[in-house]
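As they're listed, the protein sequences go chains A and B. Residue numbering for the first sequence follows our numbering, starting at 18 and increasing by one per position. Residue numbering for the second sequence follows our numbering, starting at 3 and increasing by one per position. Notes follow once the structure below has been shown.
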Amino acid sequence: MINFGIEFVPRDLYWKTTFYAIQAEKTGFNTLWITDHFNNRNVYVSLAIVSAYTDKIKFGPGVTNPYMAHPIVTAQAVSTLNEIAPGRVVCGIGVGDKTTLEMVSMRPSKPLATIRESVRIIREITSGKNLEMQGKIFAVSGAKLNFKPTSKIPIFVGAQGPKMLALAAEIGDGVLINASHPKVVENAIGFVREGVAKAGKRLEDLEIAAYTSFSVAREPNKAAKAVVPVVAYIVAGCPETVLQKHGIPMETATKIRQAIIQGKWKEAFSQITDEMIEAFSVCGTPETVVEKIDSLVKVGTTQVVAGSPIGPNIRKSINIIAAEVFPHFRDKEDNQHD
Amino acid sequence: MALEKIVRKIPSSSWETTSERLIDIVLNSPNANRMPSGLAKTILYYWQRDQLATEVGLQRLLEASITVDPEKTIDVLRELGFQELVTVLESR
């Protein structure tokens, strides 16, 4: 079964994000992810208010990182959310956005060990256990919450490169593949299989999410215009190996990153090409995005996340997805069950 | 005239359309930060309960849209044919 997720960036006023979250629930999205960047509104405050105005949709940070927030704090935050909305909380964690981390002089050092240990800490603490751990990165001595977590919180690991993808599959309940192109996702799932095999798990037990930058509109040029800033951030923070696959020179990505850091938005966005949009987003008319989602499903994706910007007008784009995208996939499922 | 009385002049057959148009104003206004937090929470409450296209929901939406963009609100009401409402709002 294909699930649909949606991502909101709490750059907007809190009540707008909450309004869209309610709309996402009403229209049938399964999971809502809110990004975690220090320069936007706080992810957990945003999620707390979303939890108060929704009843069914699952939600969580998508994704937090262990460099800005110690995993014990993440465990505490998601456990508290799970008390407000039992069984609806998921936790997305990854190495974080390089560009934003650089703004506060943080470097995502030893990412594999950091994520492995972080996931262990979050899992143990959210399970109510007393944790003793002397890791390479984190040392935790007798840490335990003073309240009882109500239910298991699935942990999704955000990943892009081969090693992180394998690790995500090995230790996560789900993998958030930071990619929009079906070929890239297909390639990524190859590494996911390695991780699953290493852990002795079944691939079917793992949720495989394509965390896409998404933009849908009736006019393709409007959809493209809306997605350019997001694609610029993606290219700026992309590993060289991924850039190479799409034929994008590292120097271009570096220029875009520098322009973003310096707040030269026009300069950064002007370097985004149609090829970059095609490589790093699901973008276009409803028909176009249905085709692309279909390709993502065919290569093994089990959750498609409609990530920022969603479209030039978020409310209209959510309605377009509900009316013209969901039926394509949900009718298919109904027919398969007949 | 109070918003309660103004909204009563909108025929129920137009509640849905009016609600949609006012929501667009509120969400897309560059002055959205003028919205009082208490009013925002009331609107979210009604939205969660599918009551933004009811008399009470429209009252709060109209209050919000006038707060964030009075000119556009009047334009939309005029476009929807509610000239009497426009006259009342312009005289407030």
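Every residue, glycine too, gets a C-beta built ideally from N, C-alpha and C.
Item: Cα-Cα separation between Val306(A) and Ile327(A), rounded to whole angstroms; Value: 11 Å
Item: Cross-chain neighbours of Gln50(B) in chain A, by beta carbon under 7 Å; Value: Ile39, Tyr70
Item: Supposed close pair Lys188(A), Val174(A) - CB separation, criterion 8 Å; Value: The amino acid occupying residue 188(A) in the given sequence is Ile; Lys does not appear at that position. The pair is a contact, with the Cβ atoms about 7 Å apart (cut-off 8 Å).
Item: According to DSSP, residues forming a beta bridge with Gln320(A); Value: Asn20(A), Ala226(A)
Item: Residues of its chain near Pro199(A), where Cβ-Cβ distance is below 6 Å and the 5 sequence neighbours each way are ignored; Value: Ser312, Leu313, Val316
Item: Of the listed residues Phe346(A), Arg58(A), Val121(A), nearest to Trp32(A) (C-alpha basis); Value: Arg58(A)
Item: Beta-carbon contacts of Met10(A) that lie in its chain and below 6 Å, excluding the five residues immediately before and after; Value: Within the shown structure, residues of chain A are numbered from 18 to 355, placing residue 10(A) beyond reach of any answer.
Item: Closest by C-alpha distance to Lys242(A), when choosing among Asp53(A), Met293(A), Phe46(A); Value: Met293(A)
Item: For Gly324(A), the nearest candidate out of Leu182(A), Thr71(A), Ile172(A), Gly79(A) (CA to CA); Value: Gly79(A)
Item: Which of helix, strand or coil DSSP assigns to Pro88(A); Value: helix
Item: Per-residue DSSP class, three states only, for Thr290(A); Value: coil
Item: Reduced DSSP secondary structure (H/G/I, E/B, other) of Ser232(A); Value: strand
Item: 8 Å Cβ cutoff met for Met37(B) and Val58(B); Value: no
Item: Cut-off 7 Å between Cβ atoms - residues of its own chain near Ala253(A), not counting five sequence neighbours on either side; Value: Thr116, Ala270, Ile273, Arg274, Ile277
Item: Length of the line joining the Cα atoms of Ile23(A) and Arg332(A); Value: 12 Å
Item: Where Asp355(A) sits in the DSSP three-state scheme; Value: Per-residue confidence for Asp355(A) stands at a pLDDT of 49, beneath the threshold of 50, marking its modelled position as unreliable; the derived number appears in the next sentence. Of the three classes helix, strand and coil, the one that applies to Asp355(A) here is coil, per DSSP.
Item: Neighbour list for Phe36(A) in chain B, Cβ cutoff strictly below 9 Å; Value: Ile25, Val28, Leu29, Ala42, Ile45, Leu46, Trp49
Item: Where Asp355(A) falls, given that 16 or more other Cβ within 10 Å makes a residue buried; Value: With a pLDDT of only 49 at Asp355(A), under the threshold of 50, the placement of this residue in the model should not be trusted; the figure read from the coordinates follows. Per the 10 Å Cβ criterion, exposed.
Item: Asp190(A): CB within 7 Å of a non-hydrogen atom of the ligand ADP; Value: Although the ligand ADP was asked about, the structure shown includes no ligands whatsoever.
Item: Within 8 Å of chain B by C-beta, residues of the stretch 50 to 71 of chain A in sequence order; Value: Tyr70, Thr71
Item: Buried versus exposed, by CB contacts within 10 Å (16 or more), Gln85(B); Value: exposed
Item: Ser334(A) versus Pro13(B): straight-line alpha-carbon distance, rounded; Value: 29 Å
Item: Separation of Val67(A) from Ile132(A), as counted between CA atoms; Value: 27 Å
Item: Contacts of Ala34(B) in chain A (Cβ-Cβ under 9 Å); Value: Asp29, Leu30, Trp32, Lys33
Item: Coil, strand or helix - Ala156(A) by DSSP; Value: strand
Item: As assigned by DSSP and simplified to three states, the class of Phe25(A); Value: strand
Item: Exposure of Phe164(A), with buried meaning 16 or more beta-carbon neighbours within 10 Å; Value: exposed
Item: Within 9 Å of chain B by C-beta, residues of the stretch 235 to 253 of chain A in sequence order; Value: none
Item: Residue closest to Gly97(A), alpha-carbon to alpha-carbon, out of Gly111(A), Ile39(A), Ser144(A); Value: Note on residue identity: the sequence assigns Thr, not Gly, to residue 97(A). Here the closest residue by C-alpha is Ser144(A).
Item: Burial state of Glu224(A) (16 or more Cβ within 10 Å); Value: buried
Item: Partner residues on chain B for Arg332(A), Cβ-Cβ distance less than 9 Å; Value: Ile25, Asp26, Leu29, Asn30
Item: Identified DSSP bridge partners for Trp50(A); Value: Glu24(A), Gly77(A)
Item: N- and C-terminal bounds of the alpha helix (DSSP H) containing Ile337(A); Value: 331 to 337
Item: Contact set for Tyr61(A): own chain, Cβ-Cβ below 6 Å, skip 5 residues either direction; Value: Ala94
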